[in-house]
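Number of protein chains: 2
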Amino acid sequence: MVKTDEKSINSDNAAIFALPSYLKQRKSLVDKALDNSLSIKKPETIYQAMRYSLLAGGKRLRPILCLATCELTGGSIDMAMPTACALEMIHTMSLIHDDLPAMDNDDYRRGKLTNHKVYGEDIAILAGDGLLAYAFEYVAANTYDIPAERIVRVIACLGRTVGAAGLVGGQVLDLESEGKPDISSQTLTFIHTHKTGALLEASVVSGAILAGASAEDITKLSQYAQNIGLAFQIIDDILDITATDEELGKTAGKDLQAQKATYPSLWGIEKSQTHAQKLIDDAIAQLATYEEKAEPLRAIANYIIIRNH
Amino acid sequence: MVKTDEKSINSDNAAIFALPSYLKQRKSLVDKALDNSLSIKKPETIYQAMRYSLLAGGKRLRPILCLATCELTGGSIDMAMPTACALEMIHTMSLIHDDLPAMDNDDYRRGKLTNHKVYGEDIAILAGDGLLAYAFEYVAANTYDIPAERIVRVIACLGRTVGAAGLVGGQVLDLESEGKPDISSQTLTFIHTHKTGALLEASVVSGAILAGASAEDITKLSQYAQNIGLAFQIIDDILDITATDEELGKTAGKDLQAQKATYPSLWGIEKSQTHAQKLIDDAIAQLATYEEKAEPLRAIANYIIIRNH
Numbered sequence: 097m098v099k100t101d102e103k104s105i106n107s108d109n110a111a112i113f114a115l116p117s118y119l120k121q122r123k124s125l126v127d128k129a130l131d132n133s134l135s136i137k138k139p140e141t142i143y144q145a146m147r148y149s150l151l152a153g154g155k156r157l158r159p160i161l162c163l164a165t166c167e168l169t170g171g172s173i174d175m176a177m178p179t180a181c182a183l184e185m186i187h188t189m190s191l192i193h194d195d196l197p198a199m200d201n202d203d204y205r206r207g208k209l210t211n212h213k214v215y216g217e218d219i220a221i222l223a224g225d226g227l228l229a230y231a232f233e234y235v236a237a238n239t240y241d242i243p244a245e246r247i248v249r250v251i252a253c254l255g256r257t258v259g260a261a262g263l264v265g266g267q268v269l270d271l272e273s274e275g276k277p278d279i280s281s282q283t284l285t286f287i288h289t290h291k292t293g294a295l296l297e298a299s300v301v302s303g304a305i306l307a308g309a310s311a312e313d314i315t316k317l318s319q320y321a322q323n324i325g326l327a328f329q330i331i332d333d334i335l336d337i338t339a340t341d342e343e344l345g346k347t348a349g350k351d352l353q354a355q356k357a358t359y360p361s362l363w364g365i366e367k368s369q370t371h372a373q374k375l376i377d378d379a380i381a382q383l384a385t386y387e388e389k390a391e392p393l394r395a396i397a398n399y400i401i402i403r404n405h
Numbered sequence: 097m098v099k100t101d102e103k104s105i106n107s108d109n110a111a112i113f114a115l116p117s118y119l120k121q122r123k124s125l126v127d128k129a130l131d132n133s134l135s136i137k138k139p140e141t142i143y144q145a146m147r148y149s150l151l152a153g154g155k156r157l158r159p160i161l162c163l164a165t166c167e168l169t170g171g172s173i174d175m176a177m178p179t180a181c182a183l184e185m186i187h188t189m190s191l192i193h194d195d196l197p198a199m200d201n202d203d204y205r206r207g208k209l210t211n212h213k214v215y216g217e218d219i220a221i222l223a224g225d226g227l228l229a230y231a232f233e234y235v236a237a238n239t240y241d242i243p244a245e246r247i248v249r250v251i252a253c254l255g256r257t258v259g260a261a262g263l264v265g266g267q268v269l270d271l272e273s274e275g276k277p278d279i280s281s282q283t284l285t286f287i288h289t290h291k292t293g294a295l296l297e298a299s300v301v302s303g304a305i306l307a308g309a310s311a312e313d314i315t316k317l318s319q320y321a322q323n324i325g326l327a328f329q330i331i332d333d334i335l336d337i338t339a340t341d342e343e344l345g346k347t348a349g350k351d352l353q354a355q356k357a358t359y360p361s362l363w364g365i366e367k368s369q370t371h372a373q374k375l376i377d378d379a380i381a382q383l384a385t386y387e388e389k390a391e392p393l394r395a396i397a398n399y400i401i402i403r404n405h
C-alpha cells in the first residue's frame with residue numbers, strides 16, 4: 097500500500113519518493129524540538145542570542161540526515177532527536193563564529209542580520225560557545241532508552257567533528273588560503289571535507305550509532321555522507337557565482353570578491369558540475385543493499401545536485 | 097606509617113599535610129597528561145595555538161581537585177585523568193575567549209602574551225572552539241574501565257558548567273555589569289558562582305561521579321566547591337588591588353580601571369577577607385566525615401585564602 101503523502105506515482109507506475117513533503121514534515125519536527133530545547137533564563141541576553149540563530153530557519157539538513165539513518169538502521173526518531181538537535185546547535189555555532197568580523201565578516205545569514213550585528217561581537221562569541229557546550233549537554237542529558245556506550249560514542253564523534261580534526265581545522269585552512277587563488281584542489285578538498293563534510297558525516301554516522309548499526313553499515317553510510325558533503329560544497333561554490341543574493345539568503349559573489357579558490361575557479365563550472373554528479377552517483381551506490389528503505393537518503397543526495405539555494 | 101614526601105611533623109607530633117609537595121607532584125602529572133593529550137597535526141597553526149595556551153602554566157587547580165575527589169571517594173587517578181585534562185581545556189578556552197578584544201581585551205595572561213596577540217583574533221576564537229570540542233571528545237574517547245553511564249553524567253555536568261547556565265552566563269552578566277559600579281552583591285555573586293564557581297564545582301563533582309560516589313557525598317563535595325569557588329573570587333578581587341603585575345602574571349588594577357564592581361568595592365577589603373574566611377571554614381566543615389583522607393581538599397581550601405597570586 098503506497099501512502100499518498102510520501103509517494104506519488106510516475107508514468108511507469110513505479111513509486112517515486114516525494115521528497116518535498118518528507119523534508120517539510122521532518123523540518124517541522126526538528127524546528128519544534130529545537131524550539132523546546134532552549135528556554136530563556138537569566139541572563140536573558142545570551143539565551144535570546146542563542147535562540148536567534150538556532151531558530152533562524154535553515155533546511156535542517158543535518159538533523160534530518162541523523163533521523164533518517166537512525167530509522168534506516170532500525171532505530172526511532174525519538175532515539176535520535178536529541179542528537180539531531182545537537183547537530184543543528186553545532187552547525188549554528190560554526191555559522192555564528194564564521195560570520196564574526198575577525199573571520200568572514202558577514203552581515204547577513206539566511207536573509208537575516210548575523211548574530212554579532214544584532215547582539216554585538218562579545219555576545220556572539222559567547223552564544224557560539226554556549227551552543228557548542230549545550231550540544232554535548234543536550235545529548236548526554238536527554239537521550240533515553242539507549243545503552244550509554246552508544247551515547248559516549250556519539251559524543252566522541254561529535255567532538256572530533258567540531259574540533260581541530262574537523263570543522264575548526266577546515267576553517268583554519270580556509271582562512272589561511274584566503275587571497276591565494278592558486279591553491280591546489282587537494283587543499284580545497286581538505287578544507288571542504290573538514291569544514292562541511294565532517295559534520296554531514298557525523299550527522300549520518302551518529303544516527304546509525306544510536307540505532308546500534310553494524311560497522312559495515314556505518315562504513316557505507318559514512319562514505320555516502322562524505323560524497324554528498326563534497327558535492328554539496330561544489331554546488332555551493334557554483335551557486336555563489338550563478339545565484340542571486342535573494343535566492344541564497346546571503347551575499348552572492350563573496351568568493352570571487354575574497355579571491356577565494358573554489359572548485360569552479362579551479363575546474364570551471366561544467367567540470368565542477370560533472371564531478372558533483374559523479375559524487376552523488378557514488379553516494380547512491382552505497383545504499384544499494386537497503387533497497388526501498390533508503391529512499392529518503394537517495395532523494396536527499398539527488399536534491400543536493402538540483403537545489404538553487 | 098607516615099610517608100615523608102606527603103607529610104611533615106609539627107611540634108605537637110601530629111601529621112601536617114604538606115600541600116606544596118602534593119600540588120607540585122599533581123601539577124607535574126597533569127602537565128604531562130596535558131602535553132600528551134594534544135599532538136600537532138595539519139593544519140599546524142591551530143594545534144600550536146591550542147597548545148600555546150593549554151601548556152602556558154597555571155596552577156592546574158581544577159584538574160587537581162578532580163583527581164583528589166575521585167581518589168577521596170574510592171576511585172583512582174587514571175580513572176579521572178581524561179576528565180581532569182578536559183577541565184583544564186575548558187578553563188583554557190574560557191581564558192582565551194575572555195581575553196579577546198571584543199571581551200576583556202587583555203594582552204597578558206600568566207605572564208605571557210594572550211593567544212590572540214600571538215596568533216590573531218580569528219585563530220584565537222577557533223583555538224577556544226577547538227579546545228572546547230576536544231574536551232568532550234577527550235573524556236568520551238579516553239575514559240576506560242568505568243561504566244558508560246558515569247561518563248555520560250560527567251559530560252552532561254561539564255556541558256552545563258560551560259554553557260549559558262554556567263561560565264558563559266556568568267561572563268555575559270559580567271560584561272553587562274561593566275561600568276556599573278553600583279551593582280548589588282547578589283548580582284556580583286551570580287557572576288562569580290557562574291563564571292568561576294561552576295567550573296570548580298564541576299571539577300570536584302566530576303571526580304566523585306567517576307568514582308561512583310553516593311548522592312550524599314556529591315552534595316557535600318558540591319557545597320565544598322561552591323564555597324571555595326566564591327572565596328577564590330573574593331581573594332582574586334582583593335589581589336587585583338593589593339598585588340603587583342609581577343605577582344599576578346597579568347595586569348593588576350584592571351577592575352578599578354574598568355569600573356568593575358568587586359567584593360572589596362562593595363564591602364571593603366577587611367570585610368571581604370572575613371567573608372572569604374567564613375566560606376573556607378564552611379567548606380572545610382563539609383569534609384568532617386572523611387577524616388584524614390580529605391587532607392588534600394582541606395589544605396587546598398586553606399591555601400586559597402593565603403595565596404598571593
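As they're listed, the protein sequences go chains A and B.
Just so we're aligned: the first sequence equals residues 97 to 405 in the numbering used here.
Just so we're aligned: the second sequence equals residues 97 to 405 in the numbering used here.
All C-beta atoms in this analysis are idealised placements derived from N, C-alpha and C, irrespective of residue type, glycine included.
No experiment lies behind these values; they were computed from the predicted model shown.
Item to check | One or two residues paired with A/R205 in a DSSP bridge | outcome: Here residue 205 of chain A is taken as the residue at index 109 of the first sequence, counted from 1. Looking at the DSSP assignment, A/R205 forms a beta bridge with A/K208.
Checklist entry - Hey, A/M177 and A/A307 are a contact pair by Cβ (cut 8 Å); roughly how many whole angstroms apart? => result Along the first sequence, one-based indexing puts residue 177 of chain A at 81. Along the first sequence, one-based indexing puts residue 307 of chain A at 211. Between A/A307 and A/M177 the Cβ distance is about 13 Å, and since that is not below 8 Å, they are no contact.
Checklist entry - Would you say the beta carbon of A/Y204 comes nearer than 7 Å to a heavy atom of the ligand HEM? => result Of the ligands one can find in the structure shown there are none, so the ligand HEM has no counterpart to examine.
Checklist entry - Where A/A298 and B/E217 are concerned, what is the direct C-alpha to C-alpha distance, given to the nearest angstrom? => result Locating residue 298 of chain A in the first sequence gives position 202, counting from the first residue. Locating residue 217 of chain B in the second sequence gives position 121, counting from the first residue. Roughly 28 Å separates the two Cα atoms.
Checklist entry - If you draw a straight line from the C-alpha of A/G170 to the C-alpha of B/A252, how long is it? => result By one-based count along the first sequence, residue 170 of chain A stands at place 74. By one-based count along the second sequence, residue 252 of chain B stands at place 156. Distance between the alpha carbons of A/G170 and B/A252: 26 Å.
Checklist entry - Where does B/V301 land, buried or exposed, given buried means 16+ other C-beta within 10 angstroms? => result On the second sequence, residue 301 of chain B is found 205 positions in, with the first residue counted as 1. B/V301 should be labelled buried.
Next on the checklist: Suppose contacts are defined by Cβ-Cβ distances below 8 Å. Is B/K123 in contact with B/I160 by that definition?
Outcome noted: Start at 1 with the first residue of the second sequence, and residue 123 of chain B comes out as number 27. Start at 1 with the first residue of the second sequence, and residue 160 of chain B comes out as number 64. Yes, the pair counts as a contact, with Cβ atoms nearer than the cut-off.
Next on the checklist: Across the stretch 261 to 277 of chain B and the stretch 137 to 147 of chain A, are there enough close Cβ pairs to call them in contact, namely three or more that are closer than 8 Å?
Outcome noted: yes
Next on the checklist: Under 7 Å, CB to CB, which of the residues in the stretch 187 to 215 of chain B have a partner in chain A?
Outcome noted: H193, L196, A198, M199
Item to check | Between the CA atoms of A/K138 and B/F328 - distance to the nearest angstrom | outcome: If you number the second sequence from 1, residue 328 of chain B lands on position 232. If you number the first sequence from 1, residue 138 of chain A lands on position 42. About 23 Å.
Next on the checklist: Can you tell me whether B/I279 is helix, strand or coil according to DSSP?
Outcome noted: Here residue 279 of chain B refers to the residue found at position 183 of the second sequence. Three-state DSSP puts B/I279 in coil, outside helix and strand.
Checklist entry - Can you check whether the CB of A/I396 is closer than 8 Å to the CB of A/S368? => result Reading the first sequence from its first residue, position 272 is the one you call residue 368 of chain A. Reading the first sequence from its first residue, position 300 is the one you call residue 396 of chain A. No, the pair does not count as a contact, with Cβ atoms beyond the cut-off.
Next on the checklist: I want to see whether chain A comes within less than 8 Å of B/L151, judged by CB atoms only; does it?
Outcome noted: What you label residue 151 of chain B is simply residue 55 of the second sequence in a count that begins at 1. No, because no Cβ of chain A sits closer than 8 Å to the Cβ of B/L151.
Item to check | Uninterrupted alpha helix (DSSP H) stretches inside the stretch 293 to 368 of chain A (no shorter than 4 residues) | outcome: 294 to 307, 311 to 338, 341 to 344, 350 to 353, 359 to 363
Checklist entry - B/Q353 CB to nearest chain A CB: under 8 Å? => result The residue labelled residue 353 of chain B in the question sits at position 257 within the second sequence. Cβ-Cβ to chain A under 8 Å: no for B/Q353.
Checklist entry - Residue range of the alpha helix (DSSP H) that A/Y230 falls in? => result Locating residue 230 of chain A in the first sequence gives position 134, where the first residue counts as 1. Here the alpha helix (DSSP H) through A/Y230 covers 217 to 238.
Next on the checklist: I want to see whether chain B comes within less than 8 Å of A/Q322, judged by CB atoms only; does it?
Outcome noted: Your numbering for residue 322 of chain A matches position 226 in the first sequence. Taking Cβ atoms only, chain B never reaches closer than 8 Å to A/Q322, which makes this a no.
Next on the checklist: I need the straight-line Cα distance from A/T289 to A/D202, nearest angstrom please.
Outcome noted: By 1-based counting over the first sequence, the position of residue 289 of chain A is 193. By 1-based counting over the first sequence, the position of residue 202 of chain A is 106. Spanning the two alpha carbons is a distance of roughly 22 Å.
Item to check | Beta-carbon spacing of B/T210, B/D195 below 8 Å | outcome: Translated into the one-based positions of the second sequence, residue 210 of chain B becomes position 114. Translated into the one-based positions of the second sequence, residue 195 of chain B becomes position 99. Taking 8 Å as the Cβ cut-off, B/T210 and B/D195 qualify as a contacting pair.
Item to check | Sub-8 Å separation of A/A379 and A/N323 beta-carbons | outcome: Here residue 379 of chain A corresponds to residue number 283 of the first sequence, with the count starting at 1. Here residue 323 of chain A corresponds to residue number 227 of the first sequence, with the count starting at 1. Contact flag set, yes.
Checklist entry - Taking all protein chains shown into account, do 16 or more other C-beta atoms lie within 10 angstroms of the C-beta of A/S135, making it buried, or fewer, making it exposed? => result Numbered from 1 along the first sequence, position 39 holds the residue referred to as residue 135 of chain A. Exposed, since its Cβ has fewer than 16 Cβ neighbours within 10 Å.
Checklist entry - Of all the residues that make up the stretch 322 to 337 of chain A, which are near chain B by a beta-carbon distance shorter than 7 Å? => result Within the stretch 322 to 337 of chain A, no residue has a Cβ lying closer than 7 Å to any Cβ of chain B.
Next on the checklist: If you reduce the DSSP assignment to three classes, tell me which class B/I112 lands in.
Outcome noted: Start at 1 with the first residue of the second sequence, and residue 112 of chain B comes out as number 16. The answer is strand: DSSP assigns B/I112 an E or B state.
Checklist entry - Per DSSP, what kind of secondary structure is B/S273 in: helix, strand or coil? => result Taking the first residue of the second sequence as position 1, residue 273 of chain B is located at position 177. If DSSP states are grouped into helix, strand and coil, B/S273 belongs with the helices.
Checklist entry - Should the stretch 280 to 294 of chain A be called in touch with the stretch 225 to 245 of chain A, which here means at least 3 C-beta pairs below 8 Å? => result With a cut-off of 8 Å, the stretch 225 to 245 of chain A and the stretch 280 to 294 of chain A do not count as touching, because too few Cβ pairs lie within range.
Checklist entry - How is the alpha helix (DSSP H) around A/L383 delimited, first residue to last? => result For the purposes of this step, residue 383 of chain A is taken as residue 287 along the first sequence, with counting starting at 1. Annotation for A/L383: no alpha helix (DSSP H) segment contains it, and DSSP assigns it neither H nor E.
Item to check | Host alpha helix (DSSP H) of A/P77 (start-end) | outcome: An answer regarding residue 77 of chain A cannot be provided, because it is not within the stretch 97 to 405 covered by chain A.
Checklist entry - Using the rule of at least 16 other Cβ atoms within 10 Å of the residue's Cβ for burial, across every protein chain shown, is B/S419 buried or exposed? => result Since the first residue shown for chain B is 97 and the last is 405, residue 419 of chain B is missing from the structure and cannot be characterised.
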